[in-house]
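According to this note's numbering, the sequence shown is numbered sequentially starting from 174. From the three backbone atoms N, C-alpha and C, an ideal C-beta is built for every residue, glycine too. What follows is a short report on a single structure.
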Amino acid sequence: MSAWLPASPCTPACLPVARPDDGWVRFRRRVRTVVRMTALVVVVLAGVPLAVVAPLLGPRAVGRMQAAWCGRLLAAAGVRVVVTGPRPAAGSLVVANHVSWLDVLALNRITPVRMLAKVEVRSWPLIGAMAARVGTVFLERDRLRALPAAVAAVADTLRAGGCVGVFAEGTTRCGRDLGPFRPAAFQAALDAGVPVVPVALSYADADGTVDATAAFVGDDDLLSSLLRVAAARRTVLTVRVLPAWTGAVEPGGRGPARRSSARAAAAAIGAALPLPAADPRPVPPVHVPARPVVRHPEVSRAA
Numbered sequence: 174m175s176a177w178l179p180a181s182p183c184t185p186a187c188l189p190v191a192r193p194d195d196g197w198v199r200f201r202r203r204v205r206t207v208v209r210m211t212a213l214v215v216v217v218l219a220g221v222p223l224a225v226v227a228p229l230l231g232p233r234a235v236g237r238m239q240a241a242w243c244g245r246l247l248a249a250a251g252v253r254v255v256v257t258g259p260r261p262a263a264g265s266l267v268v269a270n271h272v273s274w275l276d277v278l279a280l281n282r283i284t285p286v287r288m289l290a291k292v293e294v295r296s297w298p299l300i301g302a303m304a305a306r307v308g309t310v311f312l313e314r315d316r317l318r319a320l321p322a323a324v325a326a327v328a329d330t331l332r333a334g335g336c337v338g339v340f341a342e343g344t345t346r347c348g349r350d351l352g353p354f355r356p357a358a359f360q361a362a363l364d365a366g367v368p369v370v371p372v373a374l375s376y377a378d379a380d381g382t383v384d385a386t387a388a389f390v391g392d393d394d395l396l397s398s399l400l401r402v403a404a405a406r407r408t409v410l411t412v413r414v415l416p417a418w419t420g421a422v423e424p425g426g427r428g429p430a431r432r433s434s435a436r437a438a439a440a441a442i443g444a445a446l447p448l449p450a451a452d453p454r455p456v457p458p459v460h461v462p463a464r465p466v467v468r469h470p471e472v473s474r475a476a
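Now the structure itself:
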């Protein structure tokens with residue numbers, strides 16, 4: 174693994190610990206898990222023929238099918254999605270914080286996006302093939318020399334009017350803090366002259382409390398994460414679409430422009446998230462902090 178790769182401080186210790194329940198509660202949880210996992214399998218399999226015919230259809234039809242399919246997947250998993258803010262315009266770089274594999278479904282539910290994803294996703298059973306079919310841009314994260322080609326591919330997609338989704342932290346976190354944003358993808362928006370749209374994603378339980386059940390961190394595998402989400406009573410995913418901007422946030426050359434844009438996106442998302450920061454900072458209209466600092470609190474464990 175290259176030293177420049179982003180690393181997350183989050184581990185399985187960030188995940189909630191199940192409370193001891195009586196037999197009836199355990200029974201209901203098992204039934205809920207079986208029902209939701211069955212529904213997920215049905216929806217995933219229903220998406221296979223859609224992925225096959227997608228190249229034969231126009232972009233609008235594909236976008237509608239993609240949004241509907243992602244919405245049904247989220248519903249099958251027991252995830253309720255709440256969206257605030259306008260839908261991103263065509264040809265936007267959609268930048269979000271990254272908590273879970275559910276994030277990809279949430280972004281595609283509000284607007285069709287081609288994701289910039291790690292190349293390992295391509296090898297995931299069924300999901301990898303479907304991701305490739307809908308135009309995902311894959312990045313070999315351990316090869317720094319592969320980055321310019323990926324940025325160029327993103328810029329080409331943006332120029333053609335497609336939206337591209339980027340998780341600028343480069344890794345997942347538990348949802349209780351925010352990492353620094355990597356600036357490379359922002360260069361694609363500058364090169365293409367298109368808007369950057371920050372999107373804040375947050376997860377809560379049925380009572381509205383910030384919850385890490387959906388977090389995909391550490392050595393978590395997809396099946397374990399699926400089972401954990403399916404067993405939850407209810408997961409509420411809030412998608413906050415924030416004001417967009419085009420071009421450089423601050424005067425400067427090529428490097429400073431993309432870095433200032435990355436800092437502005439991180440600051441905007443950090444201010445919109447329900448993070449337990451001691452010193453929340455508003456986002457000024459022009460000046461942005463050099464680097465948003467959000468502490469990673471100790472995760473309390475339920476008895």
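For residue i, three-class secondary structure by DSSP
i, result
"L188", "coil"
"A333", "coil"
"W197", "helix"
"T206", "helix"
"L446", "coil"
"W274", "coil"
"L415", "coil"
"S181", "coil"
"G264", "coil"
"P259", "coil"
"T211", "helix"
"G338", "strand"
"F311", "strand"
Distance, residue j Cα to residue i Cα
i, j, result
"Q239", "A373", "21 Å"
"A387", "S398", "7 Å"
"P353", "F359", "13 Å"
"C243", "V272", "17 Å"
"R489", "R245", "Here the chain has residues from 174 to 476 only, and residue 489 is not among them."
"P453", "A444", "In this predicted model, P453 has a pLDDT of only 41, less than 50, meaning its place in the structure is not dependable; the value taken from the coordinates is given anyway. Cα to Cα, P453 sits roughly 7 Å from A444."
"R203", "T184", "25 Å"
"A269", "D350", "13 Å"
"W274", "T344", "11 Å"
8 Å Cβ cutoff met for residue i and residue j
i, j, result
"S181", "R355", "no"
"V324", "F311", "no"
"A279", "L410", "yes"
"R406", "A379", "yes"
"Y376", "G348", "yes"
"A224", "A249", "no"
"G258", "L415", "yes"
"D364", "A341", "no"
"A326", "R205", "no"
Inter-residue CB distance, residue i and residue j (contact presumed, cutoff 8 Å)
i, j, result
"V254", "L247", "6 Å"
"P368", "A438", "So it is not a contact: roughly 11 Å between Cβ atoms."
"R287", "G335", "6 Å"
"P447", "V383", "6 Å"
With 16 other Cβ atoms within 10 Å as the buried cut-off, status of residue i
i, result
"A219", "exposed"
"A451", "With a pLDDT of only 44 at A451, under the threshold of 50, the placement of this residue in the model should not be trusted; the figure read from the coordinates follows. So A451 ends up on the exposed side."
"G251", "buried"
"R431", "buried"
"L395", "exposed"
"P261", "buried"
"L266", "buried"
"P285", "buried"
"A385", "buried"
"G236", "buried"
"V390", "buried"
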